[in-house]
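Colleague: What follows is a single structure, and I will ask about it in a moment.
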Amino acid sequence: MTSIRASSIWRFCSVIILLVAFDAARALQIVEELKPLTGEFNQPSAVALQANGNAAVLDGVNGRVTLFDAAGRYLKTFHNPTTTTLRLPMDLTYSEGAFIVADSGNHRLVIFDEEGAYRREIDLRDSGNEPEPVGIAADDGLVFWSDRRNHRICSVKLYDGEDVSCWGAYGEKPSQFRYPFMIDLDRNGYLYIVDVLNGRIQIFNQRGIRFAAIDRFGVSTDRFLRPNGIVIDGTGLLFVADAYNGTIQVFRDRRYLGVLRDRGGELLMFDRPAGIARWQDRLYVTEMGSNRVRVLRLDNSTVAHTDFELADERPAVSRKHCVTCHQPSSDAYPAAAVDTPLPPVPRPRMRLRRHHGAVTDAREPSDAGARHPAWLPALAPLREAP
Numbered sequence: 068m069t070s071i072r073a074s075s076i077w078r079f080c081s082v083i084i085l086l087v088a089f090d091a092a093r094a095l096q097i098v099e100e101l102k103p104l105t106g107e108f109n110q111p112s113a114v115a116l117q118a119n120g121n122a123a124v125l126d127g128v129n130g131r132v133t134l135f136d137a138a139g140r141y142l143k144t145f146h147n148p149t150t151t152t153l154r155l156p157m158d159l160t161y162s163e164g165a166f167i168v169a170d171s172g173n174h175r176l177v178i179f180d181e182e183g184a185y186r187r188e189i190d191l192r193d194s195g196n197e198p199e200p201v202g203i204a205a206d207d208g209l210v211f212w213s214d215r216r217n218h219r220i221c222s223v224k225l226y227d228g229e230d231v232s233c234w235g236a237y238g239e240k241p242s243q244f245r246y247p248f249m250i251d252l253d254r255n256g257y258l259y260i261v262d263v264l265n266g267r268i269q270i271f272n273q274r275g276i277r278f279a280a281i282d283r284f285g286v287s288t289d290r291f292l293r294p295n296g297i298v299i300d301g302t303g304l305l306f307v308a309d310a311y312n313g314t315i316q317v318f319r320d321r322r323y324l325g326v327l328r329d330r331g332g333e334l335l336m337f338d339r340p341a342g343i344a345r346w347q348d349r350l351y352v353t354e355m356g357s358n359r360v361r362v363l364r365l366d367n368s369t370v371a372h373t374d375f376e377l378a379d380e381r382p383a384v385s386r387k388h389c390v391t392c393h394q395p396s397s398d399a400y401p402a403a404a405v406d407t408p409l410p411p412v413p414r415p416r417m418r419l420r421r422h423h424g425a426v427t428d429a430r431e432p433s434d435a436g437a438r439h440p441a442w443l444p445a446l447a448p449l450r451e452a453p
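Below you can see the structure in the form of structure tokens.
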């Protein structure tokens with residue numbers, strides 16, 4: 068009798084599991100690949116879109132912006148010919164008729180008009196400690212930017228560069244950051260901020276009050292190991308690119324819908340994806356590893372709204388900051404103890420994803436080999452580790 072009851076319970080649970088799997092499968096985006104945007108790029112890191120579908124690609128190491136039309140045809144290339152050239156910029160956005168570039172290496176924002184002509188710049192060094200802007204978003208005359216060096220988020224007025232306001236500090240607690248990176252705004256003006264080494268997305272209002280987070284740190288393809296690019300569209304769909312896993316995860320209302328797949332159900336993989344952008348039914352994904360921007364056509368009719376609420380999660384990972392860089396190659400690692408001895412040298416694939424600008428910038432020169440940067444705050448706890 069007991070075995071019959073156990074068997075019945077198992078069959079019931081199996082049906083539930085299958086239904087959940089089916090619902091999750093229906094929730095995934097089905098995509099069609101279009102012609103990519105290509106050129107003589109050297110590690111492009113971001114893309115910004117105009118209302119007519121023109122796409123501006125930030126060509127980071129070359130310090131310039133390349134503009135394409137909606138059909139993917141090359142239009143022009145622009146940079147800053149009148150003052151200091153762009154130095155390893157990381158992100159750009161388009162707002163109110165202007166392209167705004169986070170010129171990370173020069174501690175400033177650079178503004179171009181919609182035709183690509185240089186207009187002016189906003190020197191951010193007055194906001195303290197030579198900030199390094201790496202992520203950028205704009206709304207109603209305000210520009211929000213993430214400061215890689217000081218682990219904070221700042222805002223400044225677009226038109227006069229005044230009223231700089233900042234919040235945040237280094238750490239793992241709510242409203243703290245370990246290398247904040249790319250930013251996007253939802254239709255209500257809330258800021259979605261990639262918190263790279265904490266493996267989460269934090270959500271704030273424009274005054275810096277934190278409302279929620281999507282906390283999914285982990286090493287599998289449906290978790291955040293090195294989140295980078297982020298975009299949220301007018302329907303509330305949120306896309307997050309992971310530079311290490313090479314996947315794009317999809318959310319709505321903080322509910323996890325799945326990982327982007329093609330029409331055949333195969334997982335779509337990207338080569339070091341960084342900035343992503345959305346225009347109509349298209350998703351643009353910059354691939355720093357392949358020096359191109361992939362263009363995907365999304366079929367929104369396949370997107371379901373699942374019933375699985377994603378609460379703030381904080382996995383008990385005692386050496387989370389180590390795992391982010393030194394992921395062991397063992398397939399059994401996710402189930403292994405976190406305190407397993409870590410390899411002395413990061414895997415080359417991880418080195419590329421660590422030093423590409425989200426945490427520290429080793430894009431110059433690109434053939435620097437396997438050198439490791441000086442001690443970073445993220446690694447400081449290990450200096451005294453046994």
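Just so it is clear: in the sequence shown, position 85 is 152 by our numbering, and no numbers are missing. Every residue, glycine too, gets a C-beta built ideally from N, C-alpha and C.
Per DSSP, which one or two residues make a beta bridge with residue 145?
Modeller: Locating residue 145 in the sequence shown gives position 78, counting from the first residue. Looking at the DSSP assignment, residue 145 forms a beta bridge with 132.
Colleague: For residue 162, I'd like the list of residues in its chain whose CB is within less than 6 Å of its CB, leaving aside the five on either flank, ordered along the chain.
Modeller: The residue labelled residue 162 in the question sits at position 95 within the sequence shown. These residues qualify, in order along the chain: 205.
Colleague: Would you say residue 189 faces chain C, with C-beta separation under 8 Å as the test?
Modeller: Looking at the structure shown, chain C is missing, and only one protein chain is on hand.
Colleague: Would you identify the three-state DSSP class for residue 265, choosing helix, strand or coil?
Modeller: Residue numbering aside, residue 265 sits at position 198 when the sequence shown is read from its first letter. Reduced to three states, the DSSP call for residue 265 is coil.
Colleague: Give the DSSP-derived three-state secondary structure of residue 534 in the structure shown.
Modeller: Shown here, the chain extends from 68 to 453; a query on residue 534 therefore has no answer.
Colleague: Quick check on the burial criterion: 16 or more other C-beta atoms within 10 angstroms. Buried or exposed for residue 213?
Modeller: For the purposes of this step, residue 213 is identified with residue 146 of the sequence shown, where counting begins at 1. Looking at its Cβ environment, which holds 16 or more other Cβ atoms inside 10 Å, residue 213 is buried.
Colleague: In or out: residue 141 buried (at least 16 other Cβ within 10 Å) or exposed?
Modeller: Sequence index remark: in the sequence shown, residue 141 carries index 74 (1-based). Per the 10 Å Cβ criterion, exposed.
Colleague: Do you know offhand how far residue 200's Cα is from residue 170's?
Modeller: Locating residue 200 in the sequence shown gives position 133, counting from the first residue. Locating residue 170 in the sequence shown gives position 103, counting from the first residue. Answer to the nearest angstrom: the Cα atoms are 7 Å apart.
Colleague: Can you give me the start and stop residues for the beta strand (DSSP E) that residue 276 sits inside?
Modeller: To locate residue 276, count along the sequence shown from 1; it is residue 209. No beta strand (DSSP E) contains residue 276, which DSSP labels as neither H nor E.
Colleague: Helix, strand or coil: how does DSSP classify residue 303 here?
Modeller: Taking the sequence shown and counting its residues from 1, the one referred to as residue 303 is at position 236. When secondary structure is reduced to three states using DSSP, residue 303 falls in the coil class, being assigned neither helix nor strand.
Colleague: Here's the rule: buried if 16 or more other CB atoms are within 10 angstroms of the residue's CB, otherwise exposed. What is residue 311?
Modeller: Walking along the sequence shown from the start, residue 311 turns up at place 244. Counting Cβ neighbours within 10 Å, residue 311 comes out buried, since at least 16 surround it.
Colleague: Helix, strand or coil for residue 172? Go by DSSP, reduced to three states.
Modeller: Translated into the one-based positions of the sequence shown, residue 172 becomes position 105. Residue state, collapsed to three classes: helix.
Colleague: Quick check on DSSP: helix, strand or coil for residue 227?
Modeller: As a first step, residue 227 is located in the sequence shown; it is residue number 160 there, counting from the start. It is coil, neither helix nor strand.
Colleague: Give the secondary structure of residue 222 by DSSP, where H, G and I count as helix, E and B as strand, and everything else as coil.
Modeller: By 1-based counting over the sequence shown, the position of residue 222 is 155. DSSP places residue 222 within a strand segment (E or B) once states are collapsed to three.
Colleague: What is the DSSP secondary structure of residue 207, counted as helix, strand or coil?
Modeller: On the sequence shown, residue 207 is found 140 positions in, with the first residue counted as 1. Three-state DSSP puts residue 207 in coil, outside helix and strand.
Colleague: Among residues of its own chain, excluding the 5 on either side of residue 120, which ones have a beta-carbon nearer than 6 Å to its beta-carbon?
Modeller: Working through the sequence shown from its first residue, we reach residue 120 at position 53. Answer for residue 120: 137 and 346, listed in chain order.
Colleague: If you draw a straight line from the C-alpha of residue 326 to the C-alpha of residue 122, how long is it?
Modeller: As a first step, residue 326 must be located in the sequence shown, where it is residue number 259. As a first step, residue 122 must be located in the sequence shown, where it is residue number 55. Distance between the alpha carbons of residue 326 and residue 122 is about 25 Å.
Colleague: Could you tell me the distance, in whole angstroms, from the CA atom of residue 285 to the CA atom of residue 246?
Modeller: Indexing the sequence shown from 1 puts residue 285 at position 218. Indexing the sequence shown from 1 puts residue 246 at position 179. Note on geometry: alpha-carbon atoms of residue 285 and residue 246 lie some 17 Å from one another.
Colleague: Closer than 6 Å by C-beta to residue 359: which residues in its own chain qualify, once you throw out the five before and the five after it? Chain order, please.
Modeller: Working through the sequence shown from its first residue, we reach residue 359 at position 292. Taken in chain order, the residues that qualify are 103 and 105.
Colleague: Is residue 454 near residue 135, with beta carbons less than 8 Å apart?
Modeller: Summary: the structure shown does not reach residue 454, with the chain confined to residues 68 through 453, and so no result is reported for it.
Colleague: Beta-carbon within less than 8 Å of residue 112's beta-carbon, same chain only, minus the 5 sequence neighbours each way: which residues are those?
Modeller: Indexing the sequence shown from 1 puts residue 112 at position 45. These residues qualify, in order along the chain: 125, 127, 156, 157, 158, 341, 342, 353, 355, 423 and 424.
Colleague: Considering only the alpha carbon of each residue, which of 152, 236, 306 and 240 lies closest to residue 217?
Modeller: Along the sequence shown, read from residue 1 onward, the residue named residue 217 stands at position 150. With distances taken between Cα atoms, residue 217 lies closest to 236.
Colleague: Bridge partners of residue 366, per DSSP?
Modeller: Numbered from its first residue, the sequence shown carries residue 366 at position 299. Answer by DSSP bridge pairing, in chain order: 97.
Colleague: To the nearest angstrom, how far is it from the Cα of residue 333 to the Cα of residue 364?
Modeller: Here residue 333 corresponds to residue number 266 of the sequence shown, with the count starting at 1. Here residue 364 corresponds to residue number 297 of the sequence shown, with the count starting at 1. When rounded, the distance between both Cα atoms is 16 Å.
Colleague: Please name the residue, chosen from 172, 301, 290 and 282, that lies closest to residue 349 on a Cα-to-Cα basis.
Modeller: For the purposes of this step, residue 349 is identified with residue 282 of the sequence shown, where counting begins at 1. Considering only alpha carbons, the answer is 301.
Colleague: Measure the alpha-carbon distance for residue 191 versus residue 357 and round it to whole angstroms.
Modeller: Your numbering for residue 191 matches position 124 in the sequence shown. Your numbering for residue 357 matches position 290 in the sequence shown. In a straight line, the C-alpha of residue 191 is about 32 Å away from that of residue 357.
Colleague: I need the DSSP call for residue 320, collapsed to helix, strand or coil.
Modeller: Start at 1 with the first residue of the sequence shown, and residue 320 comes out as number 253. Coil.
Colleague: Using 10 angstroms around the beta-carbon of residue 189, count the other beta-carbons present and answer buried if the total reaches 16, otherwise exposed.
Modeller: In the sequence shown, the residue the question calls residue 189 occupies position 122. Buried: at least 16 other Cβ atoms inside 10 Å.
Colleague: Assign residue 193 to one of three DSSP states: helix, strand, or coil.
Modeller: As a working mapping, residue 193 is identified with position 126 in the sequence shown. If DSSP states are grouped into helix, strand and coil, residue 193 belongs with the helices.
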